[in-house]
Amino acid sequence: GQQVMQIPQYQHVQEGEDFTTYCNSSTTLSNIQWYKQRPGGHPVFLIQLVKSGEVKKQKRLTFQFGEAKKNSSLHITATQTTDVGTYFCAGHSSNTGKLIFGQGTTLQVKP
Amino acid sequence: DTAVSQTPKYLVTQMGNDKSIKCEQNLGHDTMYWYKQDSKKFLKIMFSYNNKELIINETVPNRFSPKSPDKAHLNLHINSLELGDSAVYFCASSQGRYRGFGQGTRLTVV
Chain A
1 GQQVMQIPQY QHVQEGEDFT TYCNSSTTLS NIQWYKQRPG GHPVFLIQLV KSGEVKKQKR
61 LTFQFGEAKK NSSLHITATQ TTDVGTYFCA GHSSNTGKLI FGQGTTLQVK P
Chain B
1 DTAVSQTPKY LVTQMGNDKS IKCEQNLGHD TMYWYKQDSK KFLKIMFSYN NKELIINETV
61 PNRFSPKSPD KAHLNLHINS LELGDSAVYF CASSQGRYRG FGQGTRLTVV
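Protein sequence lines correspond, in order, to chains A and B. Numbering of the first sequence is given in my numbering, commencing with residue 1 and proceeding in unit increments. Numbering of the second sequence is given in my numbering, commencing with residue 1 and proceeding in unit increments.
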């Protein structure tokens, strides 16, 4: 079945360092969404990318959607302790329309 | 004014019991979901309802029975609880591509 793989599973960084998580799909996606889940919290929608090669920024967060619409990345510049949490990508399959979640990348930031 | 609210937040129960989790959304969304998040944080969809009609049932044991009395509510009833049912269950709703999640119900089966 269709899979959305996310790497790395865990990342520990020192506050101020950059962080990137990568998302890869086995099939073409109509769009990609990113969510953040704080420890003990629930997934919160961050952004959606639709166009091939699209890049969007939210303050220190940069989101990219690959040219082939099969991969995506989230980059955080100069991490802060408030960035701690698990970041999920989720892609809508072009074939089925189902939203498939990646396994998430859990970010720990050391002050 | 929580957009997607589910109750209870925590549920501890013994094996073999039957329990229900309730979910309500005030966003006016047409579609509602139940997700299960295991200890490794993997989010797996269980059910999806659109305007009270079941549209996705992802090979979930039939001990799990969703019920949607109206498009603002989607409840989850679980019969004969097993240890492996321990997880966090999230309700969500969507309109178009935006999806909002409830705060989750942490179910512990002992």
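Every residue, glycine too, gets a C-beta built ideally from N, C-alpha and C.
Not a single CB atom of chain B sits nearer than 8 Å to the CB of A/H12. The three-state secondary structure of A/T27, taken from DSSP, is coil.
Around A/G85, the same chain offers K36, Q37, R38, P39, G41, T106, L107 as residues with beta carbons nearer than 8 Å, after the five sequence neighbours per side are excluded. Of all residues in the region 52-64 of chain B, none is placed with a Cβ closer than 7 Å to any Cβ belonging to chain A. Taking C-beta separations shorter than 7 Å and ignoring five residues to either side along the sequence, the partners of A/N95 in its chain run T27, following chain order. Shown here for B/V12: same chain residues with a beta carbon closer than 6 Å to its own, the five before and five after excluded, namely T108 in chain order.
Between the alpha carbons of A/G91 and A/N24 lies a gap of roughly 9 Å.
Here B/K36 is buried. Its C-beta has 16 or more other C-beta atoms within 10 Å.
The alpha-carbon of A/Q64 is positioned some 46 Å away from that of B/Q14. As computed with DSSP, A/K59 is found in no beta bridge at all. Scanning chain A for C-beta atoms nearer than 8 Å to the C-beta of B/K41 yields Q37, T86, Q103, G104, T106, reported in chain order. For B/F42, there is no enclosing beta strand (DSSP E), as DSSP gives it neither H nor E. Assigned with DSSP and collapsed to three states, A/T79 falls in coil, not helix or strand.
For the options B/K19, B/D38, B/H29, the alpha carbon positioned closest to that of B/G84 is the one of B/D38. In the structure shown, A/G85 falls within a strand segment according to DSSP collapsed to helix, strand and coil. Going by C-alpha positions, A/V109 is about 27 Å away from A/G66. Taking all protein chains shown into account, B/H29 has 16 or more neighbouring C-beta atoms within 10 Å of its C-beta and is therefore buried. Not one beta carbon of chain A lies nearer than 8 Å to the beta carbon of B/F47.
Going by beta carbons, A/V4 and A/G102 fall inside the 8 Å limit.
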